[in-house]
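Working notes, beginning with the structure itself.
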Amino acid sequence: MQVLQSFAIRAGYAVILLVAVLVLNFSMMHLAPGDVADTISQSMGGADQELLDQIRADYGLDQPFYIQLGRYIGGVLQFDLGFSFFYNQPVTELILQRLPATLLLVITAQLLALFIGVIMGVVSARKPNGILSHFVTFLALFGYAAPVFWTGILLLIAFSLKVQWFPVAGMQDVTIEGGFWAHFVDVARHMVLPVITLGSLFLALYSRLARATMMETLGSDFVRTAKAKGLSTNQVVYKHALKNSLSPVITLAGLQFSAVISGAVLVEAVFSWPGLGTLAFQSIIARDTPTILGILFFSALVVIVGNLLTDLALRLVDPRVGGKG
Amino acid sequence: MSLIDPQDTLPPARSPLSEAWEMFRGNTAAMFALIVLGLIMLCAIFGPWIYPTDPFDMVWAPFSPPGVDGFLLGTDYLGRDLLAALIHGSRVSIVIGLAAASVSIVIGVTVGALAGFYRGWVEELLMRITEFFQVLPTLLFSMVIVALFGASLPMITLAIGVVSWTAVARVTRSEFLRIRELEYVMASRASGATNSKLMFRVILPNALPPIIVQAALMVGSAILFEAGLSFLGLTDPNVVSWGQVIGSNRQYILDASYTVTIPGLAIFVTVLCISLVGDGLNDALNPKLRSR
Amino acid sequence: MALLSVKNLRIEIKTRAGVAPVIDDLSFDLEAGESLSFVGESGCGKSMTALALMGLLPEGVGSVAAGSITFDGEELTTATETRLREIRGNDISMIFQEPMTSLNPLYTIGEQIAEVLRAHQNLSRKAAWNQAIELLDAVRIPNAKARVNDYPFQMSGGQRQRVMIAIALACQPKILIADEPTTALDVTVQAQIFDLLQDMRRQTGSSIILITHDMGAVAEMAERMIVMYAGRKAELGPVEDVIAHPRHPYTAGLISCVPHILSTLTEEREELVEVPGIVPALNDFGKDSCLFASRCQQAQAQCLEARPPEIEFGPEHQSACWRAQEL
Numbered sequence: 012m013q014v015l016q017s018f019a020i021r022a023g024y025a026v027i028l029l030v031a032v033l034v035l036n037f038s039m040m041h042l043a044p045g046d047v048a049d050t051i052s053q054s055m056g057g058a059d060q061e062l063l064d065q066i067r068a069d070y071g072l073d074q075p076f077y078i079q080l081g082r083y084i085g086g087v088l089q090f091d092l093g094f095s096f097f098y099n100q101p102v103t104e105l106i107l108q109r110l111p112a113t114l115l116l117v118i119t120a121q122l123l124a125l126f127i128g129v130i131m132g133v134v135s136a137r138k139p140n141g142i143l144s145h146f147v148t149f150l151a152l153f154g155y156a157a158p159v160f161w162t163g164i165l166l167l168i169a170f171s172l173k174v175q176w177f178p179v180a181g182m183q184d185v186t187i188e189g190g191f192w193a194h195f196v197d198v199a200r201h202m203v204l205p206v207i208t209l210g211s212l213f214l215a216l217y218s219r220l221a222r223a224t225m226m227e228t229l230g231s232d233f234v235r236t237a238k239a240k241g242l243s244t245n246q247v248v249y250k251h252a253l254k255n256s257l258s259p260v261i262t263l264a265g266l267q268f269s270a271v272i273s274g275a276v277l278v279e280a281v282f283s284w285p286g287l288g289t290l291a292f293q294s295i296i297a298r299d300t301p302t303i304l305g306i307l308f309f310s311a312l313v314v315i316v317g318n319l320l321t322d323l324a325l326r327l328v329d330p331r332v333g334g335k336g
Numbered sequence: 023m024s025l026i027d028p029q030d031t032l033p034p035a036r037s038p039l040s041e042a043w044e045m046f047r048g049n050t051a052a053m054f055a056l057i058v059l060g061l062i063m064l065c066a067i068f069g070p071w072i073y074p075t076d077p078f079d080m081v082w083a084p085f086s087p088p089g090v091d092g093f094l095l096g097t098d099y100l101g102r103d104l105l106a107a108l109i110h111g112s113r114v115s116i117v118i119g120l121a122a123a124s125v126s127i128v129i130g131v132t133v134g135a136l137a138g139f140y141r142g143w144v145e146e147l148l149m150r151i152t153e154f155f156q157v158l159p160t161l162l163f164s165m166v167i168v169a170l171f172g173a174s175l176p177m178i179t180l181a182i183g184v185v186s187w188t189a190v191a192r193v194t195r196s197e198f199l200r201i202r203e204l205e206y207v208m209a210s211r212a213s214g215a216t217n218s219k220l221m222f223r224v225i226l227p228n229a230l231p232p233i234i235v236q237a238a239l240m241v242g243s244a245i246l247f248e249a250g251l252s253f254l255g256l257t258d259p260n261v262v263s264w265g266q267v268i269g270s271n272r273q274y275i276l277d278a279s280y281t282v283t284i285p286g287l288a289i290f291v292t293v294l295c296i297s298l299v300g301d302g303l304n305d306a307l308n309p310k311l312r313s314r
Numbered sequence: 002m003a004l005l006s007v008k009n010l011r012i013e014i015k016t017r018a019g020v021a022p023v024i025d026d027l028s029f030d031l032e033a034g035e036s037l038s039f040v041g042e043s044g045c046g047k048s049m050t051a052l053a054l055m056g057l058l059p060e061g062v063g064s065v066a067a068g069s070i071t072f073d074g075e076e077l078t079t080a081t082e083t084r085l086r087e088i089r090g091n092d093i094s095m096i097f098q099e100p101m102t103s104l105n106p107l108y109t110i111g112e113q114i115a116e117v118l119r120a121h122q123n124l125s126r127k128a129a130w131n132q133a134i135e136l137l138d139a140v141r142i143p144n145a146k147a148r149v150n151d152y153p154f155q156m157s158g159g160q161r162q163r164v165m166i167a168i169a170l171a172c173q174p175k176i177l178i179a180d181e182p183t184t185a186l187d188v189t190v191q192a193q194i195f196d197l198l199q200d201m202r203r204q205t206g207s208s209i210i211l212i213t214h215d216m217g218a219v220a221e222m223a224e225r226m227i228v229m230y231a232g233r234k235a236e237l238g239p240v241e242d243v244i245a246h247p248r249h250p251y252t253a254g255l256i257s258c259v260p261h262i263l264s265t266l267t268e269e270r271e272e273l274v275e276v277p278g279i280v281p282a283l284n285d286f287g288k289d290s291c292l293f294a295s296r297c298q299q300a301q302a303q304c305l306e307a308r309p310p311e312i313e314f315g316p317e318h319q320s321a322c323w324r325a326q327e328l
């Protein structure tokens, strides 16, 4: 009960955070030189003052700032993020079309990186001078220093151009016919390189931290107790030590959601992945203010939901979090 | 259960700085990285004079491979000299890396120091703000700033610095929280030192080691960040930079993959060296971690 | 035949300076049901002895270099890891100094007790859980039925040490090793834990090896004692004999540190003395001399030239001091 209650407080706080994000984004857009009317008139090849005023009145741009802000936040609360004149579509609809592709990429990469990273950390912690441990060190250096878009292009050159194992771009092949499985395999093949590119970045972080915490945990008093109880090595390592090493890794993963989205923007650009990142890039170039605002809002939403899920996961792993202690 | 008697691990007393330098010098990888970084810096400062070819000039036929036709690194899709682009581009990467890292360190240290020193509602407020900035999707946010307010180098620097200070703030705050409770801080407080003296003359110097390490990593991250922005084309179009070379050539990887791999390698090596130096600093400045 | 017999045990650890014998030529016997105490300053090798008995010397750092440990007629230094696992927690179990960190923070105490029962006694989950409740009750945790679901962070240090005792005694081991079991606890709690250990020993008939630096605890708990100094046995004997007439200057020093062993409150008390100096550095441990000589007021030339032999005083009492006869 107590856990639920403190979780509810966090969720409420997340909503406030989200509104703050909205205010900041909207104010920033307002401060920027030029407005929607200017952009529209440019796309029409110029407009006279009368038409500009007309457009401003239509979009409510002639109102004072706080009224515009209030209207916008009111709209967001009803899931109305405005209308994109560039795509000629409501922004919410536009984003919901693109969001699944990004979520697919981001969640797969995060979960794989977390899962493989923890396993690599555990195995290498048990053999600090083994090959895998050296590989973790190498990967940590490489993962930090290599620009993600460069890694992506290298993989593209190697596995899509030199040997044509994987498709060059996009998320699916429209010419593929067949049932669910045919499409599933097709999307999976398209996903391999983007997921490896994005995932390796975070795999580097997680495996290094998992190794460090695992080594520390293996030397801790309660692991000695577990050994003194006469438990098998597997029980000592996987039941007692591993569970205690999870919390720091999960916490780190929770802090990475914003970085994962940043990475996804670049990875989507490299592999022409039809997700939010690509949409963001296009709308920023086109100065499509409602779409930009909508994307910023949705990515903050993804980060916040990610943080809440992390929080929940931590509570499941560790009874001390959010409990009586 | 202490297995090792402190006596046989205690080194003779020396000044902490020379001891740290001694430690750092013993780290082969970090020393090597420091030398490479020095060379890259020299190239960024003097390179454009020694190799004055304009990176925007079309000097030869496009896609001339490295080493052929007298161009060491070849030419790009517009027949521009890639070596010139690398040399001139190093300036942007390094200047923005250093400047953006400075911005984020100044913001981060200020926020962290105030939060850790004053505690109470100040800490609460500042940490909420930090949390707020952690939620922002950093790259998207910087892209928007650069696109809306103009792609000048100062704006890019600001856009990177403003979104990357949260880690510095957290490190600084936790160091301040730890150090403010130590005896010598209590002693200075008792002897009537002012708050600003306590913060900047007593606590900050002792909090520096982890902040310095974090700062080194910040420079690397900022270089990567700038490379990402310029890869997407969100950069000053009149200044060449490594990421921008990759971005503008990436459609031609089938014809000339070197136009992408080589500038990427430059970024990779630079950031790798920064990170190795950071690791070296971490070991040298943090004796407690040496046994790890 | 003794339940446990340690002969000429030598344990070496690797340091940056080289290999150092943290236990050097240690021999002793432990009878069934007996209580034996190891006394000495920190760093004298008491804990190392305990870990060696459990086969838990830190991997890659410490190892048995020579000597034998025989338990119930079985050699432990050469036993397989599988066999050692069967013995640990079942025949020989151990409680540690730090109750705050010795329990896994992420599992309920019930699970941590039941786990050892499942590992050694083939009990079902349910049976093990019920026995965990009984054990909690036996170590005097009030309201055991409810508290079995608690996590370690919900308990005090004294309660956690009781849980550790419950875990250690769950399988009714033949030997219980208690490594400084009360050092981290409040004084009032210390007495309770010692009482509990005494009671449990009476009930289960386990032998106890108590490792401590507290002479008071020794006098209260043990029948025989071994005084360790710098990895070597300084003195061994029945507790009363040793306290009444220490045959090693170091033992004498340790005893004079404690006020209430020799005198009652009404008597005029001797002045408390500390043992001056510190334990020698690890790289001096292997030297062929008396390692205590640098701190000993009775030291003479001979003490620095050769390691003193163990001199017998009666069948039970030994001391490793060149001048033991004169003391």
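Chains as they are written, first to last, in this note's numbering: chain A, 12 to 336; chain B, 23 to 314; chain C, 2 to 328.
We put the beta carbon where it would ideally sit given N, CA and C, even for glycine.
Pull out every residue of the segment 230-244 of chain A whose Cβ sits closer than 9 Å to any Cβ of chain E, in chain order.
-> In the structure shown, chain E cannot be found, because the protein chains are A, B and C.
When the Cα atoms are used, what is the spatial distance from C:C322 to C:A67?
-> Using only the alpha carbons, I get a separation of about 23 Å.
Below-8 Å beta-carbon distance, A:F160 vs any chain B residue = yes
Counting only runs of 4+ residues fully inside the segment 107-168 of chain C, write out the alpha helix (DSSP H) ranges in chain order.
-> Counting only runs of 4 or more, we get 110-122, 126-139 and 145-148.
Same chain, Cβ closer than 8 Å to A:L7, neighbours up to 5 away in sequence not counted = With chain A running from 12 to 336 in the structure shown, residue 7 of chain A is simply not present.
Using a beta-carbon distance cut-off of less than 8 Å, what residues from the segment 251-277 of chain A approach chain C?
-> So the close ones are H251, K254 and N255.
Beta-carbon gap between A:S273 and B:L161 smaller than 8 Å = It is a contact, given that the beta carbons lie within the stated cut-off.
Segment limits, beta strand (DSSP E) that includes C:Q319 = H318 to S320
Beta bridge counterpart(s) of B:D103 as assigned by DSSP | Listed as beta-bridge partners of B:D103 by DSSP are B:T97.
Within chain C, the residues that A:V328 reaches when beta carbons sit closer than 8 Å = Correct list: L107.
How about A:R137: is its C-beta nearer than 8 Å to some C-beta of chain C?
-> no
Within the 8 Å Cβ cut-off, does C:T102 reach chain A?
-> Closer than 8 Å to some Cβ of chain A, the Cβ of C:T102 qualifies, so yes.
Sorted by chain position, which residues of the same chain lie with C-beta nearer than 7 Å to C:M95's C-beta, five sequence neighbours on each side aside?
-> A51, M55, A169, I178 and D180
Beta carbon proximity, A:R331 to chain C, threshold 8 Å | Yes, because at least one Cβ of chain C sits closer than 8 Å to the Cβ of A:R331.
With distances taken between CB atoms, is the gap from A:R82 to A:L290 smaller than 8 Å?
-> no
Measure the beta-carbon distance from B:V144 to B:A191 and round it to whole angstroms, keeping in mind my assumption that it falls under 8 Å.
-> Going by Cβ atoms, the distance from B:V144 to B:A191 rounds to 13 Å, so no, they are not a contact pair.
Using a Cβ-Cβ cut-off of 6 Å (strictly less than) and excluding sequence neighbours within five positions of C:Q301, which residues of its own chain qualify?
-> none
Cα-Cα separation, C:L85 to C:Q326 = 42 Å
Neighbour-count burial assignment, A:T300, 16 or more Cβ in a 10 Å radius = buried
Interface positions of the segment 155-168 of chain C facing chain A (Cβ-Cβ less than 9 Å), listed along the chain = Contact residues of the segment 155-168 of chain C toward chain A are Q155, M165 and I168 (C-beta to C-beta distance below 9 Å).
Out of C:P310, C:L136, C:I176 and C:T252, state which residue places its alpha-carbon closest to the alpha-carbon of C:L328.
-> C:T252
Residue-level contact to chain A via CB, B:A181, 8 Å cutoff | no
Anything in the segment 116-143 of chain C with a Cβ closer than 8 Å to a Cβ of chain A? List those residues in chain order, please.
-> E116, V117, A120 and H121
Output yes or no for whether 8 Å exceeds the beta carbon distance between C:Q319 and C:L237.
-> In contact: C:Q319 and C:L237 (Cβ atoms closer than 8 Å).
Are the segment 248-268 of chain A and the segment 209-225 of chain A in contact at 8 Å, needing three or more beta carbon pairs?
-> Output reads yes: the segment 209-225 of chain A touches the segment 248-268 of chain A.
Please look up how many angstroms separate the CB atoms of C:I209 and C:S36, rounded, as I've assumed it's under 8 Å.
-> 4 Å
Determine the direct distance from the alpha carbon of B:I233 to that of B:E205, and round the result to whole angstroms.
-> 22 Å
Shorter than 8 Å from the beta carbon of B:R272 to some beta carbon of chain A?
-> In terms of beta-carbon proximity, B:R272 lines the interface with chain A, with at least one pair separated by less than 8 Å.
Under the rule that 16 or more other beta-carbon atoms within 10 Å means buried, what is C:L4, buried or exposed?
-> buried
Does the segment 252-266 of chain B come close enough to the segment 2-19 of chain C that 3 or more CB-CB pairs lie under 8 Å?
-> Verdict: no, contact absent.
Could you have a look at B:I245 and say whether DSSP puts it in helix, strand or coil?
-> helix
Taking Cβ to Cβ, would you say C:A129 is nearer than 8 Å to C:R141?
-> no
When Cβ atoms are compared, which residues of the segment 87-100 of chain C fall closer than 8 Å to chain A?
-> E87, I88, R89, G90, N91, S94, M95, F97 and E99
Where C:T102 falls: helix, strand or coil (DSSP) = helix
Can you tell me the Cα-Cα spacing of B:A181 and C:G61, whole angstroms?
-> The straight-line gap separating the alpha-carbon atoms of B:A181 and C:G61 is approximately 51 Å.
Would you please verify whether the beta carbon of B:P176 is less than 8 Å from any beta carbon of chain A?
-> no
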